[in-house]
Amino acid sequence: MSYRPGSPTGVCSSTSTYAKRYRADKSHGIVVETEGGDDMMMKETGFTKMDMLELDGMNSHLDGMLAGGGEEGVGRDQEDEARRDMARTLKELKQRHPDKDMEQLIEMANYQVLVQQQKSRAFYRIQATRMMIGAGNILKKHAADQARKVVSSNEPQEQEDDPFTTRLTFQPSNYQCFENCGSLKLTVGRSGGDPGCTVKVDFRTEDGTANAGSDYEFAEGTLLFKPGENLKEVTVGIIDDDIFEEDEYFYVRLSNPRIVGWADGHPPSELPGGPTYQAALGEAHTATVTIYDDDHAGIFTFESDSTRVSESVGTMQVKVLRTSGARGLVAVPYRTVDGTARGGEDYEEAVGKLEFQNDETM
Numbered sequence: 557m558s559y560r561p562g563s564p565t566g567v568c569s570s571t572s573t574y575a576k577r578y579r580a581d582k583s584h585g586i587v588v589e590t591e592g593g594d595d596m597m598m599k600e601t602g603f604t605k606m607d608m609l610e611l612d613g614m615n616s617h618l619d620g621m622l623a624g625g626g627e628e629g630v631g632r633d634q635e636d637e638a639r640r641d642m643a644r645t646l647k648e649l650k651q652r653h654p655d656k657d658m659e660q661l662i663e664m665a666n667y668q669v670l671v672q673q674q675k676s677r678a679f680y681r682i683q684a685t686r687m688m689i690g691a692g693n694i695l696k697k698h699a700a701d702q703a704r705k706v707v708s709s710n711e712p713q714e715q716e717d718d719p720f721t722t723r724l725t726f727q728p729s730n731y732q733c734f735e736n737c738g739s740l741k742l743t744v745g746r747s748g749g750d751p752g753c754t755v756k757v758d759f760r761t762e763d764g765t766a767n768a769g770s771d772y773e774f775a776e777g778t779l780l781f782k783p784g785e786n787l788k789e790v791t792v793g794i795i796d797d798d799i800f801e802e803d804e805y806f807y808v809r810l811s812n813p814r815i816v817g818w819a820d821g822h823p824p825s826e827l828p829g830g831p832t833y834q835a836a837l838g839e840a841h842t843a844t845v846t847i848y849d850d851d852h853a854g855i856f857t858f859e860s861d862s863t864r865v866s867e868s869v870g871t872m873q874v875k876v877l878r879t880s881g882a883r884g885l886v887a888v889p890y891r892t893v894d895g896t897a898r899g900g901e902d903y904e905e906a907v908g909k910l911e912f913q914n915d916e917t918m
């Protein structure tokens, strides 16, 4: 299903982002790297060195005050006061968040200063423009960026190949099936380590919104990887019924990986005090299985209830999903309806019919 935007009066608009990068310095009350001299800052915070920080944002009121041609002594007093304030802020944040590293503490301190500082008229004009074009609040954007950095730093990193560690994972870790499929096979793979070892790993199903005994058959057991074997399968039975249900899911988890033998009866020689051969679970050690109910024709929805495109896109596509059932051939009529944009002027009117085949969901 597609539309063709037209003249500039349509609801579609292009979005531009106002962004400016500043390398903050001591006159802004923002922490920067010191070249072995800022004893006061290090003494008050307990830090040994400040990392160089670039802060997205607007100039603070101190910028104008200190650059406004005042007396040199007054400027130094204001500068010292700003630095003392920042030192106190960093010390308080370090006490409240002992688990944060230096970069995160500096980011939090700078954001706190940015929020508290008096904003210029230019700042508010830019804020209003950003809100009108959908670019968002500068301060909220900065906070969200820092939150994403923290989440990213806490996420498990991709594990490198280890010649001493055999890792076991689901490949892939997400599966979908229809209620009438009978059974589903999940693939477990081994990687890394010595291919000459024999490895075992246990598996067990676990309820999510789907329940063992009514939606799927409970399963547990042990997989055996002999030397040279890299893939094994877990089979789980899926229970079909005539009851209308929402799409449901359950889990299959791996546990207790272990090396139980070697091709020639003993492991390769290991250096004294060096690493030993072992088996471990990889990041994808839990699989999620979604069961689609196929007892009814389904519920049809747009993938997203709103879409923003530029006028130059030419043609846009809107995706329609079929959930909570996928039985039979179904026709879904559609047509465009004017909002603030007018058919024939801003977009090309469209009317038609989408056909979903039996078991087709998109």
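Quick note: the sequence shown uses my numbering, first residue 557, plus one each step.
Using N, Cα and C, we set each Cβ at its ideal position, and we do this for glycine too.
This one's a predicted model, so the numbers in the text were calculated from it and none came from an experiment.
Candidates the options: closest to residue i by CA position
i	options	result
G870	P751, D820 and E904	E904
G752	E859, Y833 and Q651	Y833
F774	T892, V792 and C737	V792
L885	L810, V907, G854 and F734	G854
P813	I795, E648, G745 and L877	G745
F856	S811, V907 and V874	V874
W818	E785, T844, T846 and H841	E785
T844	Y807, E859 and D861	Y807
F781	S739, T725 and Q913	T725
T879	A665, P719, K909 and C733	C733
Y848	D797, E839 and G821	D797
G908	R898, V893, E916 and N914	V893
P719	N914, N736, G748 and C737	G748
E911	A835, S739 and P889	P889
K650	S729, A665, C737 and R809	A665
I795	E637, D771, D861 and A766	D771
T754	G899, R723, R640 and A840	R723
P783	I815, L646 and E789	I815
E839	S860, Q727 and S739	Q727
G764	K741, N736 and E802	E802
N546	T721, G777 and Y805	Nothing about residue 546 can be read from this structure; the chain reaches only from 557 to 918.
L877	Q913, G738 and G895	Q913
D750	T721, L742 and N736	T721
L787	A766, K741 and E859	K741
Element boundaries [beta strand (DSSP E), containing residue i]
i	result
S739	S739 to S747
S811	E804 to W818
E911	V907 to F912
A836	Q834 to L837
R891	V886 to R891
V876	V876 to T879
Cross-strand partners of residue i (DSSP beta bridge)
i	result
A843	V808
Y772	A768 and I794
T857	L877
T754	G817
K788	V744
G899	Y903
Residue i, DSSP secondary structure in three states
i	result
L646	helix
D594	Because the pLDDT at D594 is just 47, under 50, the model does not fix this residue reliably, and the value given afterwards should be weighed accordingly. In the structure shown, D594 sits in coil (DSSP, three-state: anything other than H, G, I, E or B).
E735	coil
V869	helix
R652	helix
E637	helix
E663	helix
N710	Caution is warranted here: a pLDDT of 41 is assigned to N710, below 50, making its placement in the model unreliable, and no coordinate value can be reported.
G777	strand
R760	strand
F720	coil
T604	Residue placement at T604 is poorly supported in this model, since its pLDDT is 49, which falls under 50; the coordinates still yield a value, given next. It is coil, neither helix nor strand.
T725	strand
G585	The pLDDT assigned to G585 is 48, lower than 50, so where the model puts this residue is not dependable; a value taken from the coordinates is nonetheless given after this. The answer is coil: DSSP assigns G585 none of H, G, I, E or B.
Exercise for the section: Inspect the CB distances between the segment 755 to 764 and the segment 861 to 870 and report whether three or more fall short of 8 angstroms. Expected result: Output reads no: the segment 861 to 870 does not touch the segment 755 to 764.
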